[in-house]
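To start, the structure under review is shown below, and the notes come after it.
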Amino acid sequence: MSADRRSRHLSCDALRDHLDNRMPMLIPVEGDPPLFWHLEAGGQRPALRIPVEPGTKAPRLGMQGIRAVCVLDGGQQFLHVFIERVDLLREFHIVCCEIADRIQKEDTAPVVAVQTTVLAWRRLLARGRRMSLEEEIGLFGELLTLTGLAAVRGWHAAIAAWQHPKCTDHDFTVGPYDVEVKTVAGPARIHTIHGLGQLAPHSKRPLWFVSHVLEQNDHGRTVLGLIEGIRSTIRVRAPGALDDFDARLKLVTGNESAIPREHHWAPAGVPLAFPVDAAFPRLTDDIFALLPEPAVARISDIDYRIDVADLIPSIAPSPDGLDRAVDLHALPPDVASDLSEPNHPKDEHR
375 MSADRRSRHL SCDALRDHLD NRMPMLIPVE GDPPLFWHLE AGGQRPALRI
425 PVEPGTKAPR LGMQGIRAVC VLDGGQQFLH VFIERVDLLR EFHIVCCEIA
475 DRIQKEDTAP VVAVQTTVLA WRRLLARGRR MSLEEEIGLF GELLTLTGLA
525 AVRGWHAAIA AWQHPKCTDH DFTVGPYDVE VKTVAGPARI HTIHGLGQLA
575 PHSKRPLWFV SHVLEQNDHG RTVLGLIEGI RSTIRVRAPG ALDDFDARLK
625 LVTGNESAIP REHHWAPAGV PLAFPVDAAF PRLTDDIFAL LPEPAVARIS
675 DIDYRIDVAD LIPSIAPSPD GLDRAVDLHA LPPDVASDLS EPNHPKDEHR
């Protein structure tokens with residue numbers, strides 16, 4: 375970004391000084407519409423405060439450390455883009471300046487401006503970093519769901535449904551409905567839900583929730599090995615979809631070096647699929663109905679856990695075989711993982 379474009383912005387050093395004062399502040403960003411730096415008491419979680427239309431949903435940004443939430447204040451809804459890791463303040467400052475320029479100088483819609491800019495930052499930070507264990511497990515579950523959908527709808531349709539650009543809140547958009555995939559390692563189907571919007575269906579599309587449980591064993595696949603198996607299958611069955619698969623995978627991982635190749639995972643039971651309806655355990659914005667608006671404005675985000683182990687779907691069956699099991703051995707051999715881990719015992723059944 376050129377110097378003249380950023381001259382109207384509060385400098386990163388000045389922002390850091392305000393944080394060090396540990397006082398709550400609203401610092402305006404010059405331009406229209408009015409944007410603000412929002413600083414909480416205690417010098418935690420600096421945010422860019424963006425006015426948005428009522429009913430706007432905060433986009434899921436897909437990376438740890440940076441989050442987006444919608445808050446109400448004085449009858450106005452705002453989108454807060456904030457950072458949880460102050461050690462990345464300088465990078466975050468650059469991102470927020472770019473978001474502000476897209477909104478104020480290029481007249482870009484707020485959610486689009488945030489998504490576009492954060493995606494570029496994700497790619498930058500992904501260079502040389504590795505996925506967290508939570509991200510690794512989550513990606514494995516999404517790939518299992520992708521493989522299951524491909525068995526029903528074909529690879530072209532399944533890949534097109536993954537990380538659909540028209541649905542930023544959920545993992546898949548399959549025809550007339552969306553799918554949120556949650557994966558956990560261990561015997562319990564207890565999943566962490568991030569925010570009140572993650573299990574909120576769109577007004578015109580029902581939402582389905584898919585639960586995967588994984589275990590580590592020598593007969594499983596690494597994430598890299600699962601990806602290479604999928605790639606090999608696509609090359610044979612739908613070669614024209616390979617570029618689309620790689621492009622969508624890059625949105626999740628950033629680059630090839632970030633793809634995990636140490637842990638070997640295998641499904642520990644069949645997937646479960648549930649419609650997210652009135653009977654499904656979830657929290658929504660309705661929980662704020664009895665709270666006064668000033669109290670709601672102080673709640674920046676909510677994470678909670680749900681147990682779906684014994685939950686019985688209110689309707690059946692699940693569409694498109696969302697609850698079908700994926701046989702990892704049906705994919706081509708885990709060649710990439712074997713080459714990257716020469717000391718790991720091979721699975722002779724592959």
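To convert, take the position in the sequence shown, counting from 1, and add 374; that gives the working numbering.
Each residue gets a CB set at the ideal place from its N, CA and C atoms; glycine is no exception.
For clarity, every value in this text was computed on a predicted model and none was experimentally measured.
> Where Pro-407 and Phe-546 are concerned, what is the direct C-alpha to C-alpha distance, given to the nearest angstrom?
Replying inline: The sequence position of residue 407 within the sequence shown is 33, counting from 1. The sequence position of residue 546 within the sequence shown is 172, counting from 1. Distance between the alpha carbons of Pro-407 and Phe-546 is about 33 angstroms.
>> Between which residues of its own chain and Leu-384 is the CB-CB distance below 7 angstroms, once the five residues before and five after are set aside?
In response: Position 10 of the sequence shown, counting from 1, holds the residue named residue 384. Same-chain partners within the cutoff: Ile-401, Trp-411.
> Looking at C-beta atoms only, is the number of pairs between the segment 613–626 and the segment 652–665 that lie closer than 8 angstroms three or more?
Replying inline: no
> Asp-660 lies in the alpha helix (DSSP H); which residues open and close that run?
Replying inline: Within the sequence shown, the letter at position 286 stands for residue 660. No alpha helix (DSSP H) contains Asp-660, which DSSP labels as neither H nor E.
> Does the distance from the CB of Leu-588 to the CB of Ala-632 come in under 8 angstroms?
Replying inline: Against the sequence shown, residue 588 aligns to sequence position 214. Against the sequence shown, residue 632 aligns to sequence position 258. No.
> Among Thr-566, Pro-691, Val-610, Asp-461, which one has its Cα closest to the Cα of Leu-657?
Replying inline: Mapped onto the sequence shown, residue 657 falls at position 283. Among Thr-566, Pro-691, Val-610, Asp-461, the Cα nearest to that of Leu-657 is on Thr-566.
> Which of the three DSSP states, helix, strand or coil, is assigned to Thr-519?
Replying inline: Translated into the one-based positions of the sequence shown, residue 519 becomes position 145. Helix.
>> Would Arg-672 and Gln-537 be called neighbours here (beta carbons separated by less than 8 angstroms)?
In response: As a working mapping, residue 672 is identified with position 298 in the sequence shown. As a working mapping, residue 537 is identified with position 163 in the sequence shown. Going by C-beta atoms, Arg-672 is not nearer than 8 angstroms to Gln-537.
>> Taking its Cβ as the centre, do 16 or more other Cβ atoms sit within 10 Å of Ile-393, making it buried, or is it exposed?
In response: The residue you call residue 393 lines up with position 19 of the sequence shown. According to the sequence provided, residue 393 is Leu. The question's Ile does not apply to it. Buried is the call here.
>> Could you tell me the alpha carbon to alpha carbon distance between Leu-646 and Pro-428, rounded to whole angstroms?
In response: For the purposes of this step, residue 646 is taken as residue 272 along the sequence shown, with counting starting at 1. For the purposes of this step, residue 428 is taken as residue 54 along the sequence shown, with counting starting at 1. Between Leu-646 and Pro-428, the C-alpha separation is close to 34 angstroms.
> What is the DSSP secondary structure of Val-587, counted as helix, strand or coil?
Replying inline: Locating residue 587 in the sequence shown gives position 213, counting from the first residue. DSSP places Val-587 in strand when its eight states are reduced to three.
>> Comparing C-alpha positions only, which one of Ala-653, His-530, Asp-620, Glu-636 sits nearest to Phe-583?
In response: Locating residue 583 in the sequence shown gives position 209, where the first residue counts as 1. Minimum Cα distance to Phe-583 is reached at Ala-653.
> Rounded C-beta distance between Gly-603 and Pro-693? I'm assuming under 8 angstroms.
Replying inline: Position 229 of the sequence shown, counted from the first residue, corresponds to residue 603. Position 319 of the sequence shown, counted from the first residue, corresponds to residue 693. Actually they are not in contact, since the Cβ atoms of Gly-603 and Pro-693 sit about 25 angstroms apart, beyond 8 angstroms.
> DSSP state of Ile-468, grouped into three classes?
Replying inline: Here residue 468 refers to the residue found at position 94 when the sequence shown is read from its first residue. Helix.
>> Between Leu-523 and chain D, is any beta-carbon pair separated by less than 8 angstroms?
In response: Checking the listed chains, one finds no chain D in this structure; it contains a single protein chain.
>> What would DSSP say about Gly-594, mapped onto helix, strand or coil?
In response: As a first step, residue 594 must be located in the sequence shown, where it is residue number 220. If DSSP states are grouped into helix, strand and coil, Gly-594 belongs with the strands.
> In its own chain, which residues sit with a C-beta less than 8 angstroms from the C-beta of Asp-697, not counting the 5 before and 5 after it?
Replying inline: Taking the first residue of the sequence shown as 1, we reach residue 697 at position 323. Closer than 8 angstroms at the Cβ level, and outside the excluded window around Asp-697, lie Val-584, Val-644, Pro-645, Leu-646, Ala-647, Pro-691.
> Rounded to a whole number of angstroms, what is the C-alpha to C-alpha distance between Glu-404 and Cys-471?
Replying inline: Looking up residue 404 in the sequence shown gives position 30. Looking up residue 471 in the sequence shown gives position 97. Going from the Cα of Glu-404 to the Cα of Cys-471 covers about 11 angstroms.
>> Considering Cα atoms alone, identify which of Glu-554, Leu-435, Glu-508 is closest to Leu-493.
In response: By 1-based counting over the sequence shown, the position of residue 493 is 119. Cα-wise, what sits closest to Leu-493 is Leu-435.
>> Extract the residue ranges of the beta strand (DSSP E) inside the segment 517–577, only unbroken runs of 3 or more that lie entirely within it.
In response: 546–548, 551–559, 564–568
> Roughly how many angstroms separate the alpha carbons of Leu-523 and Glu-554, rounded to a whole number?
Replying inline: By one-based count along the sequence shown, residue 523 stands at place 149. By one-based count along the sequence shown, residue 554 stands at place 180. Approximately 13 angstroms between the Cα atoms of the pair.
> For Arg-419, does the three-state DSSP call read helix, strand or coil?
Replying inline: Translated into the one-based positions of the sequence shown, residue 419 becomes position 45. Correct three-state label for Arg-419: coil.
> What three-state label does DSSP hand Asp-378 in the structure shown?
Replying inline: The count along the sequence shown starts at 1 and reaches residue 378 at position 4. With a pLDDT of 38 at Asp-378, under the threshold of 50, the predicted position of this residue should be treated as unreliable, and no value is reported.
>> Just to confirm the assignment, what range does the alpha helix (DSSP H) spanning Asp-617 have?
In response: Position 243 of the sequence shown, counting from 1, holds the residue named residue 617. Where Asp-617 is concerned, the enclosing alpha helix (DSSP H) stretches over 616–627.
> Should His-530 and Ala-615 be called a contact, given that it needs their Cβ atoms to be closer than 8 angstroms?
Replying inline: Reading the sequence shown from its first residue, position 156 is the one you call residue 530. Reading the sequence shown from its first residue, position 241 is the one you call residue 615. Taking 8 angstroms as the Cβ cut-off, His-530 and Ala-615 qualify as a contacting pair.
> Which stretch, first to last residue, makes up the alpha helix (DSSP H) that contains Pro-668?
Replying inline: Working through the sequence shown from its first residue, we reach residue 668 at position 294. Note, Pro-668: alpha helix (DSSP H), 667–671.
>> DSSP has His-392 in a bridge; who is on the other side?
In response: Within the sequence shown, the letter at position 18 stands for residue 392. Paired residue(s): none; His-392 is not in a bridge.
>> Restricting to Cα atoms, I'd like to know which of Arg-609, Trp-639, Val-469 is closest to Val-700.
In response: Taking the first residue of the sequence shown as position 1, residue 700 is located at position 326. It is Trp-639.
> Is the segment 475–487 touching the segment 509–522 in the sense that three or more CB pairs, one from each, lie closer than 8 angstroms?
Replying inline: no
> According to DSSP, what are the bridge partners of His-454?
Replying inline: Here the question's residue 454 lines up with position 80 in the sequence shown. Bridge partners of His-454: Arg-423, Val-443.
> Can the beta-carbon of Thr-510 be found less than 8 angstroms from the beta-carbon of Pro-634?
Replying inline: As a working mapping, residue 510 is identified with position 136 in the sequence shown. As a working mapping, residue 634 is identified with position 260 in the sequence shown. Going by the sequence as given, residue 510 is Glu instead of Thr. In contact: Glu-510 and Pro-634 (Cβ atoms closer than 8 angstroms).
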